[in-house]
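*Asks:* Residues -21 to -1, 1 to 414 (mature numbering (1 follows the signal peptide of the UniProt record, and there is no 0)) make up the sequence shown, in order.
Even glycine gets a Cβ: it sits at the ideal position worked out from N, Cα and C.
Since the model is a prediction, treat every value here as computed from it, not as a measurement.
This structure is in structure tokens; I'll ask about it shortly.
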Amino acid sequence: MASRRASHLLVLGLAAHAALGLGLEVGPQAVLSADTAWPGPRAHLELPQYDTREMRPAWETGAAPLVRCPGASALASAEPDGEAGQNLQKAVTQFCAAGLGSLVELFVDPRFQSHYERFNGSDGWIDKAFLTYMGLGGANDTMSGEEDLLVQSVHHFSTAPIVVTNFNARVPDSMTPDRFPNLVLMHARSTSTIGKSFNFNKLTAMLFAKVKSGLVLDADQFVNRGVDAMLQRAAEETTVQYPYPIMPVHWMSRDPESSDMAGYPATYTWVFKSPDAPTRTMRWGHAHPTWSHHALPWLAKWTSYALAPDATKPPAWLTDQGNLEDEDLMNVAMWADNATKQWCKYDLPGPGDFEVYLKQVGQPGMWKDSKFYPHGIPLVFFTAHAAKEPDTSHKWLSKLWDDTDDRRKPILYNGQWFHSSAALRAHDAALRCII
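Next comes the structure, spelled out in structure tokens:
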């Protein structure tokens, strides 16, 4: 997705709450519980580390993956425990039947086995976690620096684990169990090996890391205090009745009929090629989704359509569209199934957008469109995206690292600041996004 942003972009910063999604008041007094309390500064913020090292692929060592394609007899007789296991089995069956069995296999790095066991429940699942994916290229890699700051930020601002899924033969030197006690490193084969976009590894990691509910973070993101609330909200919103991932609203609608696209090249809009394509049910979403295990069968179906179309026979309108990226697929698939839930924008378009939060200023109508958000989109300060310059990201994280000022409000919408999701909803009951 193109990285160009609206010229009037103003965004916020540090969220001083972990209970925002529950509609509670924001501030330290509101988050002091075992599940949501920010642990406070754990260590000083270190400079990003870029060095990497080569490793032998896990599947060449005889290690056992978390999941694998079973034999026909085992598949027929298998009766997994619990809803999560049943949903995973449906996803595995879909991939294995499509000839995608090698992509099902995720391996826990043996150095992080004790971390995995600590976060793993008796049912073999991690209950809630952040998840990211990477594919490092060289001995000194910018993405290694990005991931380093991301994992540091999760350890500082969150109590939850972060699962890093590696899809290449190199790993950051600095990514060690001692340095990162809440990290679980996993390895898997890349979708690039079957000629598909590397970004689809995001979806296979969501599918097969055995995380019951989580939030996906790209390598070029870092998190901020309050982000743990989204893990609970993910579990609450993706259910058996609503079995879909949920994405935050994009800063650009990509709708050729919407007013906000008037100043952009036509290539920035999304246009279906087939007259049988679905109708938009919500604005374009950014591919930093939350999910729960209830979404696994849905994810497997649509991801296998993209990865193995000959075997899965996707709808003709999808085939007519040609090659898709992960974000494209997620949006059109949700429209096709009439999904309607969308998060308010907790993935700020850039690290420097925290300046507006720190100053508590704003303007009305940010990223408004004529179809879904006539007053603009609400901004919530949980993560920053497009953090592709680690040294710059480090400077912004340094400003947020030890900030405990609870007088700042964490939500900006239509030029006004709000202390909670309940206050936001009271201000605009017709708002199309949730938090």
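Apply the 10 Å Cβ neighbour rule to Ala213 and answer buried if 16 or more other Cβ atoms are within range, or exposed otherwise.
*Replies:* Looking at its Cβ environment, which holds 16 or more other Cβ atoms inside 10 Å, Ala213 is buried.
*Asks:* Would you give the residue range spanned by the alpha helix (DSSP H) that Leu136 belongs to?
*Replies:* The identity of residue 136 in the sequence shown is Phe, whereas the question assumes Leu. Per DSSP, Phe136 belongs to the alpha helix (DSSP H) from Thr121 to Phe136.
*Asks:* Hey, could you find the ends of the beta strand (DSSP E) Tyr325 is sitting in?
*Replies:* Lys324 to Leu327
*Asks:* Taking all protein chains shown into account, do 16 or more other C-beta atoms lie within 10 angstroms of the C-beta of Ser400, making it buried, or fewer, making it exposed?
*Replies:* By the Cβ-count criterion, Ser400 is buried, with 16 or more other Cβ atoms from all chains shown falling within 10 Å of its own Cβ.
*Asks:* Give me the DSSP bridge partner(s) of Phe86.
*Replies:* As DSSP reads the structure, Phe86 sits in a beta bridge with His166.
*Asks:* Cα separation between Gly394 and Gly344?
*Replies:* Approximately 7 Å between the Cα atoms of the pair.
*Asks:* Throw me the rounded Cβ distance for the Thr282 and Leu196 pair, which I believe falls under 8 Å.
*Replies:* Not a contact, Cβ separation roughly 19 Å.
*Asks:* Let's see if you can read the secondary structure: which residues bound the beta strand (DSSP E) around Phe109?
*Replies:* Ile105 to Met113 is the span of the beta strand (DSSP E), which, as asked, contains Phe109.
*Asks:* For Ala42, which residues of its own chain have a beta-carbon under 6 Å away from its beta-carbon, when the five flanking residues on both sides are left out?
*Replies:* Phe86
*Asks:* Which two residues bound the contiguous beta strand (DSSP E) that contains Ser271?
*Replies:* Taken as a continuous stretch (DSSP letters only), the beta strand (DSSP E) holding Ser271 covers Thr269 to Ser271.
*Asks:* Please determine whether the Cβ atom of Trp380 lies at a distance below 7 Å from any heavy atom of the ligand FMN.
*Replies:* In terms of ligand content, the structure shown is empty, and the ligand FMN therefore cannot be addressed.
*Asks:* Does DSSP classify Val219 as helix, strand or coil?
*Replies:* In the structure shown, Val219 sits in coil (DSSP, three-state: anything other than H, G, I, E or B).
*Asks:* Can you have a look at His364 and say buried or exposed, based on whether 16 or more other CB atoms are within 10 angstroms of its CB?
*Replies:* Classification for His364: buried.
*Asks:* To the nearest angstrom, how far is it from the Cα of Thr246 to the Cα of Phe98?
*Replies:* Straight-line Cα distance between these residues: approximately 44 Å.
*Asks:* In whole angstroms, what is the alpha-carbon distance linking Glu304 and Gly116?
*Replies:* 21 Å
*Asks:* What is the DSSP secondary structure of Trp375, reduced to helix, strand or coil?
*Replies:* helix
*Asks:* Below 8 Å on the Cβ atoms is my guess for His373 versus Leu26; work out the distance and round it to an integer in Å.
*Replies:* Between the beta-carbon of His373 and that of Leu26 there is about 6 Å, and that keeps the pair under the 8 Å contact cut.
*Asks:* Nearest CA to the CA of Gly50: which residue from Met113, Gly80 and Ala290?
*Replies:* Gly80
*Asks:* Taking the DSSP output, what are the residues bridged to Pro151?
*Replies:* According to DSSP, Pro151 bridges with Thr31.
*Asks:* What is the rounded straight-line gap between the Cα of Thr298 and the Cα of Ala70?
*Replies:* The alpha-carbon atoms of Thr298 and Ala70 are separated by roughly 21 Å.
*Asks:* Do Ser169 and Ser271 count as a contact pair if the criterion is CB distance below 8 Å?
*Replies:* no
*Asks:* Rounding to the nearest angstrom, what Cα-Cα distance links Leu194 and Ser238 in this structure?
*Replies:* 31 Å
*Asks:* Please classify Thr40: does DSSP put it in a helix, a strand, or coil?
*Replies:* coil
*Asks:* For Thr371, which option in Cys75, Asp199 and Tyr352 has the closest C-alpha, if you only look at C-alpha atoms?
*Replies:* Asp199
*Asks:* Are the beta-carbon atoms of Ser137 and Val190 separated by less than 8 Å?
*Replies:* no
*Asks:* Expressed to the nearest angstrom, what Euclidean distance is found between the alpha-carbon atoms of Asp120 and Asp255?
*Replies:* 44 Å
*Asks:* Bridge partners of Trp380, per DSSP?
*Replies:* Answer is none; Trp380 lacks a bridge partner.
*Asks:* Should Gln73 go down as buried or exposed, given a rule of 16 or more other Cβ atoms within 10 Å for buried?
*Replies:* Under this definition Gln73 is a buried residue.
*Asks:* So Ser93 is in the alpha helix (DSSP H); what residue range does that whole segment cover?
*Replies:* Gln92 to Phe98
*Asks:* Leu182: which of Thr269, Thr319, Ile356 and Ala208 sits nearest, CA to CA?
*Replies:* Thr269
*Asks:* Relative to the alpha-carbon of Ala108, which residue among Val143, Asn180 and Pro328 has its alpha-carbon at the smallest distance?
*Replies:* Val143
*Asks:* Measure the C-alpha to C-alpha separation of Asp384 and Phe333 and round it to an integer number of angstroms.
*Replies:* 14 Å
*Asks:* Going residue by residue through the stretch 263 to 304, where are the continuous alpha helix (DSSP H) segments of at least 4 residues, counting only ones entirely within it?
*Replies:* 275 to 286, 288 to 291 and 295 to 300
*Asks:* For Asn66, tell me which candidate among Met313, Trp263 and Val219 has the shortest Cα-Cα distance.
*Replies:* Ranked by Cα distance from Asn66, the options Met313, Trp263 and Val219 are led by Val219.
*Asks:* Could you say which of Leu308, Pro294 and Trp249 lies nearest to Pro224 if we only look at CA atoms?
*Replies:* Leu308
*Asks:* Exposed or buried, which one is Gly242 when buried takes at least 16 other CB atoms within 10 Å?
*Replies:* exposed
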